[in-house]
Amino acid sequence: MSTSPRRTALDALHRSLGATMTDFAGWDMPLRYASERDEHNAVRTRAGLFDLSHMGEITVTGPQAVDLLDHALVGNISTVGPGRARYTMICREDGGIVDDLIVYRLGDTEYMVVANAGNAQTVLDALRERAAGFDAEVRDDRDAYALIAVQGPESPGILASLTDADLEGLKYYAGLPGTVAGVPALIARTGYTGEDGFELFTEPQHAEKLWTALTEAGRDAGLIPCGLSCRDTLRLEAGMPLYGHELTTALTPFDAGLGRVVKFEKTGDFVGREALAAAAERAAQAPPRKLVGLIAEGRRVPRAGMKVVAGGEVVGEVTSGAPSPTLGRPIAMAYVDAAHAAPGTEGVGVDIRGTHEPYEVVALPFYKRAK
Amino acid sequence: MSNPQQLRYSKEHEWLSAAEDGVSTVGITEFAANALGDVVYAQLPEVGDTVTAGETCGELESTKSVSDLYSPVSGEVVEANQDVVDDPSLVNSAPFEGGWLFKVRVSEEPKDLLSADEYSEFSGN
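These protein sequence lines map, in sequence, to chains A and B. Note that full-length UniProt numbering gives residue 143 to position 143 of the first sequence, counting from 1, and the numbers run on in steps of one. Note that full-length UniProt numbering gives residue 6 to position 6 of the second sequence, counting from 1, and the numbers run on in steps of one.
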């Protein structure tokens, strides 16, 4: 791997906006532009603009593209209609989660798999390996796309001013090719913030024009550029898992409370089926640690890796934690023993540098937008 | 960003005011506050605590991380800024003013505190 981080097509723009940059999965990405709390609140109440060009796009095409995906992934991709998208996972033979993915069906026999930046190469390698025997092509399209997300309640209005595409007809988890600000883009109604919003896949050469047009169109609506820092607090409030935190190769989807993404009913074998069937049975017999929400009574912030304690015993581990701008208190996601996982369980705390700080156990998510 | 001329600075990014009746005020610089991001929790030394130059005396927690707070001088803490405890964002919005952290009756000062110009050069700001 090269030692110098990769830069997105919007790199110069970020620097001109005064972004604090950070290394993220080998990419130099905007962490925040000014205050991450202001950015977070902008997405919750108005709109925010994100550069997500580090995400890994992989195109799968060919007569047996869907068969390959049904074999390689745990979801039932055959049931995804053209123009729709599906949240799914790719697992190892032993059931461990390799990555969580969004698969967009772009055409009858064309799919785009979007992997997390840090896992994109692994996912690409796995798909290529699993493609053996299928009449399908796996194409590395990581350099073919820049990805810009506009998220927040004002985002439909902002985007509508720049495109003729039928946004009202575009459902959540759907995507359609269109033109935005004169630039060709795949317009997808997806996101990772808990808000309504869109992800726009475009050619890198068009990224700056698209970003600038969205900035101008959103100015009066209060749109501001947003970095990865607020993206993390937004997804945490929305109870969305993050690979490397809530999801790892050490966990199956059933251990992560996401067993519903595994579709045993689909025809044909898929990688991990046997191990996952066993994991499903284990989870039914003896519930594994459960992913719960924790809300601090005090102000100290739980961090990934900190122990969850009750009665002096370790009963779990924090996977993500941050001060929640919306709740005004620190929050965390944590895997907790079933005996302490029920909302309202008394006496649960987090060991923060030696002090057991009291926490309230709640069901996820912390935040759900009004529909 | 500008570092006030009348203050002195440590390489740990604290500032120290000139002593009045032997008491100096301590805070962190705007450079440090920007690097931390939004400060959400401040654990400050308590009145009566003895602090030692270059040693930790509290912590500042931001959205992304927790950082130790060092004292730029040795002495006895005579006041902690309750406003910052109640509203840690003051550290970001007014690092050299309302966001000061504690006051200390100075018993000993290290020789290597920096002037504003030296600190600007040191921090690249």
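No residue lacks a Cβ here, since even glycine has one placed at the ideal position from N, Cα and C.
Cβ neighbour criterion (16 or more within 10 Å) applied to residue i
i, result
"residue 64(B)", "buried"
"residue 32(B)", "buried"
"residue 342(A)", "exposed"
"residue 212(A)", "exposed"
"residue 86(A)", "buried"
"residue 391(A)", "This structure cannot speak to residue 391(A), because chain A is shown only from 1 to 371."
"residue 267(A)", "exposed"
"residue 172(A)", "exposed"
"residue 233(A)", "buried"
"residue 336(A)", "buried"
"residue 88(A)", "buried"
"residue 5(B)", "exposed"
"residue 38(B)", "buried"
"residue 344(A)", "exposed"
"residue 79(A)", "exposed"
"residue 193(A)", "buried"
"residue 355(A)", "exposed"
"residue 312(A)", "exposed"
"residue 36(A)", "buried"
"residue 39(A)", "buried"
"residue 285(A)", "exposed"
"residue 151(A)", "buried"
"residue 96(A)", "buried"
"residue 298(A)", "exposed"
"residue 178(A)", "buried"
"residue 370(A)", "exposed"
Beta-carbon spacing of residue i, residue j below 8 angstroms
i, j, result
"residue 180(A)", "residue 167(A)", "no"
"residue 331(A)", "residue 236(A)", "yes"
"residue 327(A)", "residue 207(A)", "no"
"residue 138(A)", "residue 127(A)", "yes"
"residue 363(A)", "residue 340(A)", "no"
"residue 214(A)", "residue 162(A)", "yes"
"residue 94(A)", "residue 275(A)", "yes"
"residue 33(A)", "residue 225(A)", "yes"
"residue 126(B)", "residue 23(B)", "Examination of residue 126(B) is not possible in this model, given that chain B is present from 1 through 125 alone."
"residue 66(A)", "residue 90(A)", "no"
"residue 103(B)", "residue 25(B)", "yes"
"residue 243(A)", "residue 99(A)", "yes"
"residue 10(B)", "residue 101(B)", "no"
"residue 74(B)", "residue 53(B)", "yes"
"residue 199(A)", "residue 147(A)", "yes"
"residue 216(A)", "residue 43(A)", "no"
"residue 72(B)", "residue 16(B)", "yes"
"residue 118(A)", "residue 25(A)", "yes"
"residue 40(B)", "residue 323(A)", "yes"
"residue 54(A)", "residue 29(A)", "yes"
"residue 49(A)", "residue 223(A)", "yes"
"residue 187(A)", "residue 221(A)", "no"
"residue 395(A)", "residue 132(A)", "There is no way to answer for residue 395(A), as the model of chain A reaches only from 1 to 371."
"residue 245(A)", "residue 190(A)", "no"
Expected contact under 8 angstroms - CB spacing of residue i and residue j to nearest Å
i, j, result
"residue 52(A)", "residue 149(A)", "5 angstroms"
"residue 64(A)", "residue 135(A)", "4 angstroms"
"residue 46(B)", "residue 80(B)", "6 angstroms"
"residue 301(A)", "residue 348(A)", "Actually they do not touch by this definition, with Cβ atoms about 16 angstroms apart."
"residue 197(A)", "residue 366(A)", "That pair is no contact at about 18 angstroms."
"residue 317(A)", "residue 334(A)", "6 angstroms"
"residue 154(A)", "residue 218(A)", "7 angstroms"
"residue 27(B)", "residue 95(B)", "6 angstroms"
"residue 175(A)", "residue 104(A)", "5 angstroms"
"residue 99(B)", "residue 107(B)", "Between residue 107(B) and residue 99(B) the Cβ distance is about 25 angstroms, and since that is not below 8 angstroms, they are no contact."
"residue 70(B)", "residue 12(B)", "4 angstroms"
"residue 110(A)", "residue 61(A)", "5 angstroms"
"residue 88(B)", "residue 42(B)", "5 angstroms"
"residue 120(B)", "residue 34(B)", "Actually they do not touch by this definition, with Cβ atoms about 14 angstroms apart."
Amino acids of chain B, ordered along the chain, whose beta-carbon sits closer than 8 angstroms to that of residue i
i, result
"residue 7(A)", "Residues of chain B passing the Cβ test: none, with the nearest at roughly 21 angstroms."
"residue 98(A)", "Under the 8 angstroms cutoff, chain B gives no residues; its nearest Cβ is about 27 angstroms from residue 98(A)."
Interface residues of chain B facing residue i [CB-CB closer than 7 angstroms]
i, result
"residue 323(A)", "40 and 63"
Interface residues of chain A facing residue i [CB-CB closer than 7 angstroms]
i, result
"residue 37(B)", "32, 36 and 229"
Partner residues on chain B for residue i, Cβ-Cβ distance less than 9 angstroms
i, result
"residue 233(A)", "63"
Interface flag, residue i vs chain C, CB-CB below 8 angstroms
i, result
"residue 300(A)", "Judged by its chain identifiers, the structure shown contains no chain C, and its protein chains are A and B."
(Q) Using a Cβ distance threshold of 8 angstroms, determine whether the stretch 255-272 of chain A contacts the stretch 66-82 of chain A, with at least three qualifying pairs required. (A) yes
Q: Evaluate contact between the stretch 285-300 of chain A and the stretch 342-362 of chain A, counting only Cβ atoms and requiring at least three cross-stretch pairs below 8 angstroms.
A: yes
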